[in-house]
Amino acid sequence: MGLETLSTVEIRERYHKLGKDVPNMFWQHGTMWIDTEDTDDLRIIKEVMEDEVLNQNLTVDFNLLKATETEPWDQWSMDIVEK
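Mapping of the sequence shown onto the working numbering: position 22 corresponds to residue 46, and the numbering continues sequentially without gaps.
Given below as structure tokens:
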């Protein structure tokens with residue numbers, strides 16, 4: 025199973041176990057895009073990536089893209105980086 029598929033499955037599984045709604049998220053060109061205003065979602069996703077998906081020498085980094093007139097919602101990008 026590829027990294028993008030594995031991470032998506034593991035994240036969805038964690039949300040299911042927590043009884044929380046999964047935020048809209050998708051991979052594009054090696055970056056995961058997450059539509060959320062709840063920073064707890066970022067904590068959960070980071071935890072899953074570090075505990076279930078990535079090698080020990082890797083982690084994730086989030087960047088916020090603020091809402092605009094054409095896309096009136098905040099969106100986070102997640103990239104995989106070295107620790």
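Note that CB positions come from ideal geometry on N, CA and C, so glycine has one too. Remember, it's a predicted structure, so these values are computed and weren't measured experimentally.
Cα atoms of GLU37 and GLU93: separation of roughly 34 Å, rounded to the nearest angstrom. CA-to-CA, the gap between THR55 and SER101 works out to about 6 Å. The Cβ-Cβ distance between LEU27 and VAL77 falls below 9 Å. If only uninterrupted beta strand (DSSP E) runs of at least 3 residues are considered, those enclosed by the region 42-90 are 48-52, 55-59 and 82-89. In its chain, beyond the 5 residues on either side, ASP103 and VAL105 have a beta carbon closer than 6 Å to the beta carbon of ASP85.
Residue burial annotation: ASP65 is buried, with at least 16 other C-beta atoms found within 10 angstroms of its C-beta. Contact annotation: LEU88 and ASP98 have beta-carbon atoms nearer than 9 Å.
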